[in-house]
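First the structure, in the form of structure tokens, and then the observations on it.
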Amino acid sequence: MSTATDIISQLSALQHADSFFPSGAISFSQGLETLYADREVKDADTLATFVEGQLLYRWASMEAPALVLAYRATGDLTALAEIDAEFEAMSLATELREGSRRAGGALLSVHEKLGTAPAATYRALIAEKKAFGHLPIAQGIVWWATGMSEQDARAISAHLLCTGSVSAALRLGVIGHLDAQRVLLRVRSTVVQLLSAPVVTAMTGAQSFDFHAYTPATEIAAMRHEVHDARLFAN
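Structure follows, in structure tokens:
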């Protein structure tokens, strides 16, 4: 039988997974717009490969650990700022880095207006240029504050990556709605595999975090996207 804590976590997860939630995520394609223009991503199969690559080689080793560390550090502004700074340093492509900051800032702004206490505190830190406000750090802060469990937070983070990519592909005309669901079903086993494993949050020192990503095609696409004249997305 579910406890009240379990139910609160589930409801918070459902609220944040809903596309109706004003997160601003629809502005970003994570390099997909350029990959589609290059015909590297052109159908459901190539889109599924793209999403799986993002999950395995970026989300699992960079975004998920940052989210979990921020979740566990909520209330410790010094630790949160250190995690945020490390994430900033490991985000090489300008548009991906700025997109993460913008998305994180939007999430914190919404939660400040909703009265989620840590959101206002961390936004003040960003305004003082003592933190960057990257999305996984913002998610860790506000999802902890709304009563979401750590495991549900990881699940929603992975889910939002998948649905965000599929939504961008729909807007670009890569796939239709039925294929969008096929892609989500296809990558589900990868999500389950990643969520079943412990998050790698190894720290070799007080300020050393094991964040890393290897998605060269995506990062190069995002870098090239910066100089495109006609763009539907911010990255």
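Under the working numbering, the sequence shown has 150 at position 161, and the numbering climbs by one with no breaks. Here a beta-carbon is modelled for each residue, glycine too, at the ideal position from N, C-alpha and C.
Contact between L184 and W48 does not hold, since their C-beta atoms are separated by about 11 angstroms, which reaches or exceeds 8 angstroms.
Under the 10 Å beta carbon count, S80 is surrounded by 16 or more other beta carbons and is classified as buried. Here the alpha carbon of H201 sits roughly 20 angstroms from the alpha carbon of H148. Going by beta carbons, S1 and A157 fall outside the 9 angstroms limit. Between G129 and A59, the gap from beta carbon to beta carbon is short of 9 angstroms. The beta-carbon distance between V99 and P187, rounded to whole angstroms, is 30 angstroms. This is too long to meet the 8 angstroms contact definition. If you draw a straight line from the Cα of R90 to the Cα of M(-10), it comes to about 39 angstroms.
CA-CA distance, A74 to D199, rounds to 13 angstroms. Here the C-alpha atom of S(-2) lies approximately 12 angstroms from the C-alpha atom of A144. I164 is not a Cβ neighbour of L24, given a cutoff of 9 angstroms. With fewer than 16 other CB atoms across the displayed protein chains lying within 10 angstroms of its CB, R28 is exposed. Sorting A55, D65, G64 by C-alpha distance to the C-alpha of G93 places A55 at the top.
Around F76, the same chain offers A55, H123, P125, I126, F200 as residues with beta carbons nearer than 7 angstroms, after the five sequence neighbours per side are excluded. Annotation: Y111 to Q43 spans about 27 angstroms, alpha carbon to alpha carbon. In this structure, DSSP gives H201 a state outside helix and strand, which the three-state scheme calls coil.
Ranked by how close their Cα comes to the Cα of I209, the residues F121, E22, Q4 have E22 in first place.
Distances from the CA of D65 to each of L96, A6, W133 were compared; the closest alpha carbon is that of W133.
DSSP places P107 in the uninterrupted alpha helix (DSSP H) bounded by 106 to 116. DSSP, read as helix, strand or coil, puts P125 in helix.
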